[in-house]
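In the working numbering, the protein residues as written are 17 to 148.
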Amino acid sequence: MPINNALPDTVIEAFHLMWDNFPEPASLVHKSREVIALNKAHQKLGYLQPGMNCAKQGSPEAHKGCLANKTLKFGQAAYTIMRPTADKEVIAYWLPVDGYPDFFIHFGVGNTIDYRKGSSAAKSVVILREQA
């Protein structure tokens, strides 16, 4: 039985409602690391799909700072600042899903948008915020 059957459809729908318009990749993941759902930004990247094991994507080094186990163990949000290259900084988060202790949401700020350098995507987010 697929793990996503352990979650009501309403939880997956709520993930999409909350995260599909977030401009950076976000995923809903089971403790086994099976990906349950991806937001639109993550889907556009194309390298990860629901049903895949997120920890087996990319190099093992890329997962060295993973805090999923801490989030699952303590039921609290965790974050770390990663510097995959000298000129890139990503703040990665793992969030528990209330009522579903075997699941978490994972996302990072700075994965696809360089907020420090004012990329065109970052500027559009600022412009939209200023217009609101």
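The beta carbon of each residue, even a glycine, is placed where N, CA and C say it ideally should be. Nothing here was measured: the structure is a model prediction, and the numbers come from that model.
- In this structure the stretch 38 to 51 does not lie against the stretch 96 to 103, because fewer than three pairs of beta carbons, one per stretch, are closer than 8 Å.
- Residue state for F90 is assigned as helix, using DSSP reduced to three classes.
- Secondary structure of F119 (DSSP, three-state): strand.
- Assigned with DSSP and collapsed to three states, P39 falls in coil, not helix or strand.
- In this structure L33 does not touch Y116 by the C-beta definition: roughly 16 Å separates them, more than the 8 Å allowed.
- Checking the DSSP bridge columns, you'll see M98 partnered with V106.
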